[in-house]
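Following my numbering, the numbering of the sequence shown begins with 313 at its first residue and continues without gaps.
Notes for the one structure printed next.
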Amino acid sequence: NIDKLNLKNFLIKIVDNKSYKKNVYIKENVFKFIEFYFLKLIKLNKNDKKFFFLYENFIKKTFNLKKYNLDDESFFIELKTKVLNG
(Lines of atoms letter the chains of each structure in order from A and count residues from 1; the text may use other names and numbers.)
(Lines give C-alpha, C1' and ligand atoms only; values in the text may rest on other atoms or scores of the structure.)
Protein backbone atom coordinates (compact mmCIF):
# COMPACT_ATOMS: atom_id res chain seq x y z
CA ASN A 1 0.00 0.00 0.00
CA ILE A 2 1.74 3.16 -1.20
CA ASP A 3 -0.20 5.47 1.15
CA LYS A 4 1.48 3.98 4.23
CA LEU A 5 4.96 3.66 2.72
CA ASN A 6 7.62 6.19 3.69
CA LEU A 7 11.05 6.63 2.11
CA LYS A 8 12.86 4.53 4.73
CA ASN A 9 10.47 1.59 4.36
CA PHE A 10 10.63 1.95 0.59
CA LEU A 11 14.44 1.67 0.67
CA ILE A 12 14.29 -1.30 3.02
CA LYS A 13 11.91 -3.07 0.63
CA ILE A 14 14.24 -2.31 -2.30
CA VAL A 15 17.21 -3.79 -0.46
CA ASP A 16 15.37 -6.81 0.94
CA ASN A 17 13.78 -7.73 -2.39
CA LYS A 18 16.94 -6.84 -4.37
CA SER A 19 14.75 -4.73 -6.61
CA TYR A 20 17.79 -2.67 -7.56
CA LYS A 21 18.85 -5.65 -9.69
CA LYS A 22 15.45 -6.62 -11.09
CA ASN A 23 13.56 -3.42 -11.83
CA VAL A 24 15.01 -1.07 -14.45
CA TYR A 25 13.39 2.05 -13.02
CA ILE A 26 14.67 1.33 -9.53
CA LYS A 27 18.10 0.40 -10.85
CA GLU A 28 18.38 3.79 -12.54
CA ASN A 29 17.01 5.80 -9.59
CA VAL A 30 17.93 3.97 -6.38
CA PHE A 31 20.87 6.25 -5.66
CA LYS A 32 18.62 9.29 -5.99
CA PHE A 33 16.22 7.78 -3.47
CA ILE A 34 19.13 7.14 -1.09
CA GLU A 35 20.33 10.70 -1.50
CA PHE A 36 16.83 12.03 -0.80
CA TYR A 37 16.70 9.95 2.35
CA PHE A 38 20.04 11.33 3.56
CA LEU A 39 18.98 14.88 2.82
CA LYS A 40 15.81 14.31 4.80
CA LEU A 41 17.85 12.98 7.75
CA ILE A 42 20.22 15.94 7.59
CA LYS A 43 17.33 18.39 7.48
CA LEU A 44 15.56 16.78 10.44
CA ASN A 45 18.77 16.56 12.49
CA LYS A 46 20.51 19.84 11.71
CA ASN A 47 22.64 19.81 14.84
CA ASP A 48 23.84 16.23 14.44
CA LYS A 49 26.86 16.05 12.12
CA LYS A 50 26.77 12.23 12.11
CA PHE A 51 24.26 12.16 9.26
CA PHE A 52 26.25 14.58 7.18
CA PHE A 53 29.37 12.42 7.49
CA LEU A 54 27.37 9.29 6.66
CA TYR A 55 25.92 11.07 3.64
CA GLU A 56 29.37 12.15 2.49
CA ASN A 57 30.73 8.62 2.93
CA PHE A 58 27.90 6.99 0.99
CA ILE A 59 28.09 9.55 -1.82
CA LYS A 60 31.77 8.69 -2.27
CA LYS A 61 30.94 4.99 -2.28
CA THR A 62 28.19 5.58 -4.83
CA PHE A 63 30.59 7.46 -7.06
CA ASN A 64 33.15 4.63 -6.86
CA LEU A 65 30.46 2.02 -7.46
CA LYS A 66 29.45 3.67 -10.70
CA LYS A 67 32.93 4.68 -11.82
CA TYR A 68 34.60 1.29 -11.33
CA ASN A 69 31.51 -0.85 -11.95
CA LEU A 70 31.81 -2.51 -8.52
CA ASP A 71 29.46 -5.06 -7.00
CA ASP A 72 26.61 -3.24 -5.33
CA GLU A 73 25.53 -6.04 -2.97
CA SER A 74 27.92 -5.03 -0.17
CA PHE A 75 26.96 -1.37 -0.60
CA PHE A 76 23.28 -2.13 -0.01
CA ILE A 77 24.02 -4.39 2.95
CA GLU A 78 26.06 -1.61 4.54
CA LEU A 79 23.33 0.91 3.77
CA LYS A 80 20.73 -1.24 5.47
CA THR A 81 22.81 -1.92 8.58
CA LYS A 82 24.32 1.53 9.10
CA VAL A 83 21.65 3.89 7.82
CA LEU A 84 18.33 2.08 7.71
CA ASN A 85 19.03 0.31 11.02
CA GLY A 86 17.98 -3.05 9.68
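Beta carbons: idealized from backbone N, C-alpha and C, even for Gly.
Comparing alpha carbon positions, the residue from Lys333, Phe364, Phe363 closest to Asp383 is Lys333. Between Ile346 and Ser331, the alpha-carbon positions lie close to 14 angstroms from each other. The three-state secondary structure of Lys358, taken from DSSP, is coil. Around the C-beta of Leu391, 16 or more other C-beta atoms lie within 10 Å, and the residue is accordingly described as buried.
Val336 sits exposed, since fewer than 16 C-beta atoms from the chains shown fall within 10 Å of its C-beta.
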